[in-house]
Amino acid sequence: MKFTNTLVSVALIAASFCAHAGTVNEVVNGGFETGDFSGWAVSANATSVAKGIPFTESGFYGARLGNVGSLGTIAQTINTTGQATYTLSYWFSSDGGRPNYFDVLWNGVQIVGSEVSNAPAFGYTNYKFTVAGTGLDTLTFQERNDPSYQGLDTVSLINVPEPGSLALVGLGIAALGLSRRRSK
């Protein structure tokens, strides 16, 4: 009975170390579910929030991007934790109308692999990139689609947990086990 109580106690302590608050999306209105660009600075003259298919990946609304003749942008300045690692994720689609262009900037620098240029038509596709927080960061989407529109939806920026936290949990469990052995 004493062993069972000790085992249950150790399991509960270990579980409490593993508990976390969950993931928090640092992007305001990343799914455009307000029905407008609240939280975003918009410079495009042919950009809007649209309801329903084909402009939504999830939810009711999505961004409809189609600036004509030059690049249009939507941008958001985000408070991040300095020197923390984040996963940037978004869903993007193209109707194949040309010329078309799309890319993503983090603090004014293009994220390698984010550029889509003169793409054929494709449905919503998830893109994920790793970025570093500096404390105050700017996320910018640049786009152009002269004959039609492209879709953007479900933009998120999630802090990646430090792997060191899991090592500390393991070390704590090992210390409890060693302490238990010594007390016998």
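Residue numbers (this note's numbering): 1312 to 1495. Here a beta-carbon is modelled for each residue, glycine too, at the ideal position from N, C-alpha and C. Nothing here was measured: the structure is a model prediction, and the numbers come from that model.
Same chain only: Cβ atoms within 6 Å of residue i, ignoring 5 sequence neighbours per side
i: T1451; result: T1384, A1386, L1416
i: S1349; result: N1340
i: D1457; result: V1379, P1410
Sequence-distant residues of the same chain with beta carbon closer than 8 Å to residue i, five excluded per side
i: A1330; result: Because the pLDDT of A1330 is 47, which lies under 50, any placement of that residue in the model is unreliable, and the question is left without a value.
i: V1427; result: F1403, S1405, N1411, Y1412, F1413, D1414
i: G1342; result: S1369, G1370, Y1372, G1373, D1464, T1465, V1466
Which listed residue (the options) has its alpha carbon closest to that of residue i
i: Y1401; options: I1484, V1466, N1470; result: V1466
i: A1443; options: D1414, Q1394, G1434, V1338; result: Q1394
i: T1445; options: I1389, N1336, N1378, N1356; result: I1389
i: P1474; options: A1361, E1337, T1396, P1365; result: T1396
Whole-number beta carbon distance between residue j and residue i, since they are thought to touch under 8 Å
i: L1382; j: Y1412; result: 7 Å
i: S1459; j: G1408; result: 4 Å
CA-to-CA distance, residue j to residue i, given in whole angstroms
i: A1352; j: T1392; result: 22 Å
i: G1419; j: G1363; result: 31 Å
i: Q1421; j: T1449; result: 12 Å
i: P1472; j: L1399; result: 14 Å
Bridge partners - residue i, DSSP secondary structure assignment
i: N1336; result: I1469
Residue i beta carbon near the ligand ATP (any heavy atom closer than 6 Å)
i: Y1401; result: For the structure depicted, the ligand ATP is absent and the ligand set is empty, with no information on it obtainable.
Close Cβ partners of residue i (< 7 Å) along its chain, the five nearest in sequence each way excluded
i: S1359; result: R1375
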